[in-house]
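Undergrad: This structure is in structure tokens; I'll ask about it shortly.
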Amino acid sequence: MTVIPLRFVGDPVLREPAKPVETFDAELRQLVKDLRETLANGRGAGLAAPQIGVGLRVFAIHPDLSDGTLDHLVNPTITFPDDEEQDGIEGCLSIPGVYLDTKRRMNVVATGFNFHGDPVQIVGAGLLSRCVQHETDHLDGVLFLDRQDPEGQRRIMATLSAATWFDGYEGREPVVKVSPH
Ligand code: NI
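In terms of the working numbering, the sequence shown opens at residue 6 and continues consecutively.
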């Protein structure tokens, strides 16, 4: 059982668009194994490779969400079969302690590959759809904070600024109060 240390918001790897996987080799199988085991150790619905410091387009999904049929996706492409939306609480293992109502599409179709290189597809609704959209965002360098309205983002900044692990949210550094003396 391998648990890789997670990367937290402020780490540049979470903001870089991940690169497509080109070789379906032992290294990729190890990456998927690391994602699965690190996810199993946490309380998340999914985990994307950049969250363990690897800039490749791979994510793992908690097997409970996908009926255990497919628990990872390589080089995903997502499409939306309709316009239906959902609201619901969302969190992220890279942003501990922050849970926010986040609007997402209700239904998603994700196509990609398993780690053997076989084409696979996930047809998801509800929580599975939310998870697939959240993890695909990670591969594009997008965090669920970015999907909040300005008021929501202000509240997040207040929470993050107080967190001991936090060392800056990109250009928007927490305000440091400097004593005039
Ligand atoms: Ni996340």
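All C-beta atoms in this analysis are idealised placements derived from N, C-alpha and C, irrespective of residue type, glycine included.
No experiment lies behind these values; they were computed from the predicted model shown.
(1) Assess contact between the region 93-102 and the region 110-124, defined as three or more Cβ pairs (one per stretch) separated by less than 8 Å. Is contact present?
(2) Within a Cβ cutoff of 8 Å, which residues of the same chain sit near residue 177, ignoring the five residues on either side of it in sequence?
(3) Could you pull out every residue in the same chain whose Cβ sits closer than 6 Å to the Cβ of residue 84, ignoring the five residues on either side in sequence?
(4) Taking the alpha-carbon of residue 18 as reference, which of 36, 89, 54, 43 has the nearest alpha-carbon?
(5) Judging by CA-CA distance, which residue of 105, 37, 70 is the nearest neighbour of residue 148?
(6) If you draw a straight line from the C-alpha of residue 156 to the C-alpha of residue 166, how long is it?
(7) According to DSSP, simplified to helix, strand and coil, what is residue 191?
(8) Does the separation of the CB atoms of residue 64 and residue 47 fall below 8 Å?
(9) Taking all protein chains shown into account, decide if residue 62 is buried (16 or more other Cβ within 10 angstroms of its Cβ) or exposed.
(10) Could you pull the start and end residues of the alpha helix (DSSP H) that residue 77 belongs to?
(11) Excluding the five sequence neighbours on either side, which residues of its own chain have a C-beta within less than 7 Å of the C-beta of residue 80, listed in chain order?
(12) For my contact list, residue 133 and residue 70 are in at a C-beta cut-off of 8 Å; report their separation, rounded to the angstrom.
(13) Please write down, chain order preserved, every residue whose beta carbon lies under 6 Å from a heavy atom of the ligand NI.
(14) So, are the CB atoms of residue 30 and residue 9 less than 8 Å apart?
(15) To the nearest angstrom, how far is the alpha carbon of residue 68 from that of residue 107?
(16) Hey, out of 37, 92, 49, 45, whose CA is closest to residue 131's CA?
(17) With a 10 Å radius around its C-beta and 16 neighbouring C-beta atoms as the bar for buried, classify residue 141 as buried or exposed.
TA: Reading off the structure:
(1) The region 93-102 vs the region 110-124: no contact.
(2) In the sequence shown, the residue the question calls residue 177 occupies position 172. Bear in mind that the predicted position of residue 177 carries a pLDDT of just 47, short of 50, making it unreliable; the figure below should be weighed with that in mind. 162.
(3) Numbered from its first residue, the sequence shown carries residue 84 at position 79. The beta carbon of residue 84 sits closer than 6 Å to those of 114, all from its chain and outside the five residues before and after it, given in chain order.
(4) Here residue 18 refers to the residue found at position 13 when the sequence shown is read from its first residue. For the residues 36, 89, 54, 43, the minimum Cα distance to residue 18 belongs to 54.
(5) Residue mapping note: residue 148 aligns to position 143 of the sequence shown, counting from 1. Taking only the C-alpha atoms, the option nearest residue 148 is 105.
(6) Residue numbering aside, residue 156 sits at position 151 when the sequence shown is read from its first letter. Residue numbering aside, residue 166 sits at position 161 when the sequence shown is read from its first letter. Roughly 16 Å between the two C-alpha positions.
(7) Residue 191 cannot be examined here, being either before or after the span of the chain that is shown, 6 to 186.
(8) One-based indexing of the sequence shown puts residue 64 at position 59. One-based indexing of the sequence shown puts residue 47 at position 42. No; because the gap between Cβ atoms is not below 8 Å, this pair is not in contact.
(9) Sequence index remark: in the sequence shown, residue 62 carries index 57 (1-based). Result: buried.
(10) The residue you call residue 77 lines up with position 72 of the sequence shown. It is not in any alpha helix (DSSP H) - residue 77 instead sits in the beta strand (DSSP E) that spans 77-84.
(11) Taking the first residue of the sequence shown as position 1, residue 80 is located at position 75. Correct list, in chain order: 25, 26, 62, 117, 118.
(12) Counted from its first residue, the sequence shown places residue 133 at position 128. Counted from its first residue, the sequence shown places residue 70 at position 65. Contact flag correct, Cβ pair sits at about 5 Å.
(13) For the ligand NI, the selected residues are 97, 98, 99, 139, 143.
(14) Within the sequence shown, numbered from 1, the residue matching residue 30 stands at position 25. Within the sequence shown, numbered from 1, the residue matching residue 9 stands at position 4. Result no, Cβ atoms of residue 30 and residue 9 do not sit closer than 8 Å.
(15) As a first step, residue 68 is located in the sequence shown; it is residue number 63 there, counting from the start. As a first step, residue 107 is located in the sequence shown; it is residue number 102 there, counting from the start. Roughly 22 Å between the two C-alpha positions.
(16) Taking the sequence shown and counting its residues from 1, one reaches residue 131 at position 126. Of the candidates 37, 92, 49, 45, the one whose C-alpha sits nearest the C-alpha of residue 131 is 92.
(17) Stepping through the sequence shown from its first residue, residue 141 is reached at position 136. Looking at its Cβ environment, which holds 16 or more other Cβ atoms inside 10 Å, residue 141 is buried.
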